[in-house]
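Okay, so here's the structure we're looking at.
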Amino acid sequence: MNVLGISAFYHDAAAALVRDGTIVAAAQEERFTRKKHDERFPTHAIAYCLRAGGVERDGIDAVVFYDKPITTFVRLLKTYFRVGARGYPSFRQAMPIWIREKLWIPYQIERGLNDLGYRARDIWFIEHHESHAASAFFPSPFESAAVLTFDGVGEWTTSSIGVGRGNHITLEQQLSYPNSLGLLYSAFTYFCGFRVNSGEYKLMGLAPYGEPRYAQRILDHLVDLREDGSFRMNMRYFGFLGGLTMTNRRFDELFDGPPRQPESDITVREMDLARSIQEVTEEIVLRMARYAATLTGERDACLAGGVALNCVANGRLLREGPFERLWVQPAAGDAGGAIGAALYGWHQISDGARTSDRVSDGMAGSYLGPEFSDDEIRQYLEVNAYPYEPIAEPSTWARHIAELVAAGKVVGLFLGRMEFGPRALGHRSIIGDPRSAAMQSLMNLKIKYRESFRPFAPAVLAERVSEYFDLDVESPYMMFVAPVRESLRRDNGHGRVDDLRGWVNEVRSIIPAVTHVDYSARLQTVNREQSPEFHAIIEQFEALTGCPVVINTSFNVRGEPIVCTPEDAYRCFMRTEIDHLVLGSCVLDKKLQPAWPVDDDWKDDFVLD
-18 MNVLGISAFY HDAAAALVRD GTIVAAAQEE RFTRKKHDER FPTHAIAYCL
32 RAGGVERDGI DAVVFYDKPI TTFVRLLKTY FRVGARGYPS FRQAMPIWIR
82 EKLWIPYQIE RGLNDLGYRA RDIWFIEHHE SHAASAFFPS PFESAAVLTF
132 DGVGEWTTSS IGVGRGNHIT LEQQLSYPNS LGLLYSAFTY FCGFRVNSGE
182 YKLMGLAPYG EPRYAQRILD HLVDLREDGS FRMNMRYFGF LGGLTMTNRR
232 FDELFDGPPR QPESDITVRE MDLARSIQEV TEEIVLRMAR YAATLTGERD
282 ACLAGGVALN CVANGRLLRE GPFERLWVQP AAGDAGGAIG AALYGWHQIS
332 DGARTSDRVS DGMAGSYLGP EFSDDEIRQY LEVNAYPYEP IAEPSTWARH
382 IAELVAAGKV VGLFLGRMEF GPRALGHRSI IGDPRSAAMQ SLMNLKIKYR
432 ESFRPFAPAV LAERVSEYFD LDVESPYMMF VAPVRESLRR DNGHGRVDDL
482 RGWVNEVRSI IPAVTHVDYS ARLQTVNREQ SPEFHAIIEQ FEALTGCPVV
532 INTSFNVRGE PIVCTPEDAY RCFMRTEIDH LVLGSCVLDK KLQPAWPVDD
582 DWKDDFVLD
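Sequence positions in the sequence shown follow our numbering and run -18 to 590.
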């Protein structure tokens, strides 16, 4: 049975194909269109999934959409009626899109499939948080588990607590709009000058630079928080109900002035706001988790929804929470809803079988996207006369790449199947030497073209993780932040400074380029079975340097989706200061490439996050 899951029309459109309970393929539309967070109908992603699965014209048994648009439309109308005339500008913007597009999703699905030469026997719609819950539990390694979801809003629901057992999930309790942890966090994202639904991870990265001096103010004025993790928001301070901004003038007065202008200097206020809302978020997540453990009686938990991408909160929940084990959907946001929808169609609607071994998950390392053979890569390089060195022998190949990294070179990796979700996990990654104190600033400013304070992730051999980090479980999807081992830290003797630039290049550990200001790191554990090529590179790097860790950041520049094709990878390679590019078994040296035309206009194509 082939079940196609679709998420679209809000942000991060995606498609996923599930066959008899196994995830065959999944991809986000942005990777093909090169428009970050592309919300449009995922024609390219669907075409890829069906092609990768070898699905014939009549071979789609069901399409499952990750949301119930009519219910969402009713929520919007009721909200506009509630706020009255002040909601008219927002109403005027939203209604044409709904009337032209979002109320006709069944027709758009049928037309989209027909345009690709396919048709489906059935089209099903499920609730948004059912999609999140299904994406969290069904691929998890657990036979039963508590299920927690949190995001901005889906229909009326903003957070939910449920339970998964066998091949079924049940949502036991839900928090309703407008009381939303996702929207609360996004309000501070907006106020600190970052882009909503894109810049929340910046706020998380900024938080360690600040002090929580606004946390009590948030709890006193914005959020009435209860012991079970539920809360009520004081909407007098927010503008998103009927306005075009997340916050209003009362919010400005409460937090010492107007919102920061995007791209302006970050001040102490923004650092402290980031730290304050992060601590409030963690407290809400912890309370909800404790209540969920009591409610369900489960020892393990699964998480999904956009807030589950907050790996700092996940790390704290792992250390301090009530559960023995956690599993977080790697594509926890809306894109992952496509996987959840497809799995819900197989397990919950069709009563399809599900097995679990409490060890391995069903995400296949999240390597679910397109791949390109060495023959295809060589053909691309030779047609364009791009010089390369072929290295077919695996150990020689891995050793050569490790030597480049050890020599201080920055290397772009393009290997195997593309990752699904927001994290690059070694197949579409840029890697570097974590021992270099200047590498974080170099890679941020000259390769990623982003703010210098942004931390990089360490990729560490799974078998060596506990030697470098206070973590005794695997983290293959970069979903947990953990402290660097105290014995590896270096005391630089500096206290707090008002200027971020004064902190970025400080040496805080023996792996300074991946050690954040609070001695933490958002790490990826690399398993030999799941990613043998990436594991071999790190293993060879350890043999050369004694360090089983490399920097791993996504292969893109700020505002651009992660690269998908060899052409995307080469273009990014030539536009930045990446030294070497690895396309499968082909290794390219920047110095040997033909001159790339000087064209800075390409930066205007990418909307800054």
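Backbone N, C-alpha and C define an ideal beta-carbon position, used for all residues, glycine too.
Review point. Expressed to the nearest angstrom, what Euclidean distance is found between the alpha-carbon atoms of H497 and T506?
Key: 18 angstroms
Point to revise | Three-state secondary structure (DSSP) of F450 | key: strand
Practice item. Helix, strand or coil for F118, going by three-state DSSP, please let me know. Key: helix
Check your understanding: Can you list the alpha helix (DSSP H) stretches of 4 or more residues lying completely in the region 193 to 281, in chain order?
Key -> 230 to 235 and 249 to 277
Check your understanding: Can you tell me the Cα-Cα spacing of Y166 and P23, whole angstroms?
Key -> 28 angstroms
Check your understanding: Should Y195 go down as buried or exposed, given a rule of 16 or more other Cβ atoms within 10 Å for buried?
Key -> buried
Exercise for review: Rounded to whole angstroms, what's the CA-CA distance from L525 to L222? Just pull it up for me.
Suggested key: 57 angstroms
Review point. Can you tell which of L94, I90 and K183 has its C-alpha closest to the C-alpha of F106?
Key: I90
Check your understanding: Under a three-way DSSP split, which group does I559 fall into?
Key -> coil
Check your understanding: Expressed to the nearest angstrom, what Euclidean distance is found between the alpha-carbon atoms of R435 and S140?
Key -> 28 angstroms
**Study point:** Cβ shell of F212 (< 7 angstroms), same chain only, five flanking positions each side left out
**Key:** N160, V204, D205, L206 and I265
**Study point:** Closest by C-alpha distance to G302, when choosing among Q329, G326, A285 and Y272
**Key:** Y272
Review point. Can you give the Cα-Cα distance for V531 and V364, rounded to whole angstroms?
Key: 33 angstroms
Review point. Along the chain, where does the beta strand (DSSP E) that runs through F105 open and close?
Key: At residue 105 the sequence reads Trp, which differs from the Phe that was named. W105 -> beta strand (DSSP E) spans A101 to F106.
Practice item. Report back the beta-carbon spacing between A313 and G286 to the nearest angstrom; my notes put them in contact at under 8 angstroms. Key: 6 angstroms
Point to revise | Three-state secondary structure (DSSP) of I27 | key: helix
Review point. Helix, strand or coil: which one does DSSP assign to L469?
Key: helix
Exercise for review: Please classify H113: does DSSP put it in a helix, a strand, or coil?
Suggested key: helix
Check your understanding: When DSSP labels each residue in this structure, what does C567 get in the three-state scheme?
Key -> strand
Point to revise | Cβ neighbours of A319 in the same chain (closer than 7 angstroms, five flanking residues each side left out) | key: G(-14), I(-13), S(-12), A(-5), A(-4), A(-3), A7 and Y47
**Study point:** Those residues which DSSP pairs with G145 across a bridge
**Key:** A126 and I150
Exercise for review: To the nearest angstrom, report how far apart Y430 and D96 are at their CA atoms.
Suggested key: 38 angstroms
Review point. If you draw a straight line from the C-alpha of K59 to the C-alpha of M214, how long is it?
Key: 18 angstroms
Check your understanding: Anyone know if the C-beta pair for I4 and G343 falls short of 8 angstroms?
Key -> yes
Review point. Using the C-alpha atoms, what's the distance from N508 back to V340?
Key: 13 angstroms
Review point. Buried or exposed: which applies to E374, given that a residue is buried once 16 or more other Cβ atoms fall within 10 Å of its Cβ?
Key: exposed
Check your understanding: With DSSP run on the structure shown, which of helix, strand or coil describes G68?
Key -> helix
Point to revise | Beta carbon of Y361 nearer than 8 angstroms to that of P547 | key: yes
**Study point:** Contact between the region 143 to 151 and the region 113 to 128 (3+ Cβ pairs under 8 angstroms)
**Key:** yes
Exercise for review: Please classify V386: does DSSP put it in a helix, a strand, or coil?
Suggested key: helix
Practice item. On the DSSP bridge assignment, give the partners of S157 in chain order. Key: T138
Check your understanding: Which runs of the alpha helix (DSSP H) fall wholly inside the region 355 to 412 and span at least 4 residues, in chain order?
Key -> 355 to 364 and 375 to 387
Check your understanding: When we look at the beta-carbon of R256 and count the other beta-carbons within 10 Å, is it buried (16 or more) or exposed?
Key -> buried
Exercise for review: Mind reading off the beta-carbon distance from G174 to Q242? Whole number of angstroms is fine, and I expect it under 8 angstroms.
Suggested key: 6 angstroms
Check your understanding: Q74 by DSSP, collapsed to three states: which one?
Key -> helix
Point to revise | Residue span of the alpha helix (DSSP H) that contains I320, given as start and end | key: G317 to Y325
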